[in-house]
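**Student:** Take this structure, written in structure tokens, and hold onto it; I'll ask about it next.
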Amino acid sequence: MNPWGLSEPGANNPSTSHPAIIPPAELQAQIDQMVKAAVEVSLKGVAASVKKKKSSSTSKNPAISTKGTPDKGKATQTRRVSVLPEGTSRPALSTPKRSDRSKSAPPEISNSVGKKPNKVLKSIKESKNAVFIHIKMLWGLLKSDSVPEAPDLGDLQEFYHNFSREDHINQAAATGSSRHELINTSEVQILKDARTGRIRIGNSYLNVGDNFIRYAKGLMARLGFRVWRPNLDEDSNSLYNSACRIAAVTTFQELAGAKAYAYLNINPEAVQNMAFLIQSYNHFVHFLMLEKFKKEQKEAGKLKKDVRHKNVQKNRERLAASRLEFAIINKLPERYQKILTPISAHSDDEAVEGKGFFKIKTLPYRSDNANRFFRQLDILMIKAAEQQPNIRRRIRKLPKNPEMSTYTAAPTGLPIDFYDPKWYLELTSSQQQKIPDLTNVAFLPDASKSLLPKAQRHLNPYGLVASTTSEDSDGEGGEEGEDENDEGEGIDLDGTSPDVSEDEFYEEGDAGDLYNKPIEENDGDDETDDEQDEDYEEENDDERSEAHHRPMEGVEEDEEVWA
């Protein structure tokens, strides 16, 4: 008989069966396993949550360090120890990921030392510029306003008659090729501007040896090129353009290998990188030069006009910067510095070919009194430059027959006496209120007396005041002194008079009587005109003098006039 009430295996059991009874020892073992598994799962979850909280708290809250010994009477703080479940190891310390780090945390420092990208990019740019300079030299584009020319039709027909495949061109261009020259080297017209081994490109010189010139002409003779002119009307991969590219790249490698472009800091690896050279060539010839070629075809002279406008604007910016710098260094009044700040307040200068100086053009919106001030400022800058002979300075002269400037946009916000009255009256009512500053004036009634040395009260004991007054009286007394003042300082009596000279320009810094037109108009031989002028002056003299002259009367240039 089974004491546990279990039926024997294979015995016939009744339909109603009793539940199996587990022994106590077995039941206790199963319960222990279940509890242990539940504890392990809960401990793992707690450990993961504690780890996450620790990582977030260390990134947000700074560590607090306790200095010194703890206070007496207080219990010492116990260190918390986390209990890990069996079979698990403590995770290794590691830097948290960038997404888990705080925004205020410092950036990660990499131990790997990389290359400096700036130097690499700089060497690539310099190598590309060297390719551009070489192409300009072959093409004859030695000036910024040079226009790329198309090849002659006869030269194209002759080339396609001599070459039908690109491999023939490569054989002819190979160094040491035994292919005979298609034309005489004396017919090749490249590098004809080379003098004593130097070619001038813009404002710089390129040193080219005689051996390279002979090599380049020999290569062009083998290819049948009298002049090197890519055909911009054809595709860049045409047979003729391929020959031009091969000739340019081959001669560049020879010249760069001879250290002719050493001053340009060419990357030696770029010289042997054929893909880089071809890419640079195509970018310059079939993109940059193609754009200029199309502009010139649409409008003849467009390129020269744009370059001239760009150069004039650059000269204007340099002139404005130099004048403003001079005014700041010499602590001129702020009202003068305000006028010198905008670039449009300065005249545009144009170089006179073969004369070595620049021609000053007259701005239509600038008053005669403002022009007197600028001429006085130029004289002061010329005298200051005499003490600095090492500084390069551009000579600027005013033509006796004024040439009006093409710039018509006037600066805004300047004092009212800067603007020409006739130009101001031609503006609309809204522009008259918007463009000038109607509440301020900047110049003296006669701006030619601006920027003069001030009278010093300490000069009387030394007798310097009497000498200056005598010079002034001598200058005002005789007609000869007036003529000298009108003509300017430093006239050579033995030389030819400037009135009979070939050029029609005043001396540097001198304007003659060009800006004294109102004074000349009042001097007339007609008595009726004089009477009319007198009547006009009697009626409006007080009003105009108060409006234009009296606000600046007795005011020194370094004093503030308006609030």
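In terms of my numbering, the sequence shown opens at residue 17 and continues consecutively. Every residue gets a Cβ at the ideal spot worked out from N, C-alpha and C, and that includes glycine.
With a 10 Å radius around its C-beta and 16 neighbouring C-beta atoms as the bar for buried, classify residue 153 as buried or exposed.
**Tutor:** So residue 153 counts as buried.
**Student:** Have a look at 165, 240 and 458 and flag the residue whose alpha-carbon is nearest the alpha-carbon of residue 311.
**Tutor:** Measuring from the Cα of residue 311, the nearest candidate turns out to be 165.
**Student:** State yes or no: is the C-beta of residue 378 within less than 9 Å of the C-beta of residue 385?
**Tutor:** Not closer than 9 Å, so no.
**Student:** Quick check: the Cα distance between residue 317 and residue 461, rounded to an integer number of angstroms?
**Tutor:** When rounded, the distance between both Cα atoms is 45 Å.
**Student:** Short check: CB of residue 431 to CB of residue 459, under 9 Å?
**Tutor:** Contact flag set, yes.
**Student:** Who are residue 435's beta bridge partners in DSSP?
**Tutor:** Answer is 382.
**Student:** Determine, using beta-carbon pairs with one atom in the stretch 285 to 295 and one in the stretch 322 to 331, whether at least three such pairs fall under 8 Å.
**Tutor:** Segments in contact, no.
**Student:** Kindly indicate if chain D contains any beta-carbon less than 9 Å away from that of residue 334.
**Tutor:** In the displayed structure, chain D is absent; only one protein chain is listed.
**Student:** Could you check where the beta strand (DSSP E) with residue 359 kicks off and where it finishes?
**Tutor:** Careful: residue 359 lies outside any beta strand (DSSP E) and carries neither H nor E.
**Student:** With residue 319 and residue 161 assumed to form a contact (beta carbons below 8 Å), what rounded beta-carbon distance in angstroms separates them?
**Tutor:** So it is a contact: roughly 6 Å between Cβ atoms.
**Student:** In whole angstroms, what separates the C-alpha of residue 423 from that of residue 351?
**Tutor:** Whole-angstrom Cα-Cα distance: 24 Å.
**Student:** With a threshold of 6 Å on Cβ separation, who are the neighbours of residue 363 within its own chain once the five nearest residues in sequence on each side are excluded?
**Tutor:** Cβ neighbours of residue 363 beyond the five flanking positions: 376, 377 and 379.
**Student:** Pick helix, strand or coil for residue 345, following the three-state DSSP scheme.
**Tutor:** Helix, per DSSP.
**Student:** Mapping the DSSP letters down to three states, classify residue 482 as helix, strand or coil.
**Tutor:** Residue placement at residue 482 is poorly supported in this model, since its pLDDT is 49, which falls under 50; the coordinates still yield a value, given next. In this structure, residue 482 counts as helix in the three-state DSSP scheme.
**Student:** If you compare alpha carbons, which of 234, 236 and 286 is closest to residue 144?
**Tutor:** Comparing Cα positions, the closest option is 286.
**Student:** Report the residue ranges of all alpha helix (DSSP H) runs contained in full by the stretch 208 to 245; include only those spanning at least 4 residues, in chain order.
**Tutor:** Within the stretch 208 to 245, the complete alpha helix (DSSP H) runs of at least 4 residues are 226 to 239.
**Student:** For residue 412, which beta-bridge partners are listed by DSSP?
**Tutor:** According to DSSP, residue 412 bridges with 374.
**Student:** Within 10 angstroms of the Cβ of residue 206, are there 16 or more other Cβ atoms? Answer buried if so, exposed if not.
**Tutor:** By the neighbour-count rule (16 or more Cβ atoms within 10 Å), residue 206 is buried.
**Student:** Using a Cβ-Cβ cutoff of less than 7 Å, which residues in the same chain neighbour residue 12 once the five nearest sequence positions on both sides are dropped?
**Tutor:** Residue 12 lies beyond the range of the chain shown here (17 to 579); nothing can be said about it.
**Student:** Helix, strand or coil for residue 161? Go by DSSP, reduced to three states.
**Tutor:** The answer is coil: DSSP assigns residue 161 none of H, G, I, E or B.
**Student:** Take residue 454 and list the residues in its own chain whose beta-carbon comes closer than 7 Å to its own, dropping the five residues that flank it on each side.
**Tutor:** These residues qualify, in order along the chain: 432.
**Student:** In or out: residue 150 buried (at least 16 other Cβ within 10 Å) or exposed?
**Tutor:** So residue 150 ends up on the buried side.
**Student:** Check residue 263 in the structure and name its three-state DSSP category.
**Tutor:** Three-state DSSP puts residue 263 in a helix.
**Student:** Please classify residue 185: is it buried, with 16 or more other beta-carbons within 10 angstroms of its beta-carbon, or exposed?
**Tutor:** Classification of residue 185: buried, given that the 10 Å Cβ count is 16 or more.
**Student:** Compare the C-alpha of residue 365 against each of 341, 335, 301 and 263 and name the closest.
**Tutor:** It is 335.
**Student:** Using only alpha-carbon positions, find the residue among 50, 332, 400 and 214 that is nearest to residue 367.
**Tutor:** The candidate whose alpha carbon is nearest that of residue 367 is 332.
**Student:** Any idea which residues DSSP pairs residue 366 with across the strands?
**Tutor:** Looking at the DSSP assignment, residue 366 forms a beta bridge with 375.
**Student:** By how many angstroms is the C-alpha of residue 233 removed from the C-alpha of residue 172?
**Tutor:** Approximately 18 Å, taken between the alpha carbons.
**Student:** On the CB-based measure, 16 or more other CB atoms within 10 Å of its CB, does residue 444 come out buried or exposed?
**Tutor:** Per the 10 Å Cβ criterion, exposed.
**Student:** How long is the line joining the alpha carbons of residue 429 and residue 450, rounded to whole angstroms?
**Tutor:** Their backbone Cα atoms lie some 8 Å apart in a straight line.
**Student:** Report the three-state DSSP secondary structure of residue 453 (helix, strand or coil).
**Tutor:** Strand at residue 453.
**Student:** In the DSSP assignment, find the alpha helix (DSSP H) that holds residue 403 and state where it starts and stops.
**Tutor:** Here residue 403 belongs to no alpha helix (DSSP H), and DSSP marks it neither H nor E.
**Student:** Measuring only the C-alpha atoms, how far is residue 282 from residue 142?
**Tutor:** Cα to Cα, the separation comes out at about 6 Å.
**Student:** Report buried or exposed for residue 41, applying the criterion of at least 16 other Cβ atoms within 10 angstroms of its Cβ.
**Tutor:** Classification for residue 41: exposed.
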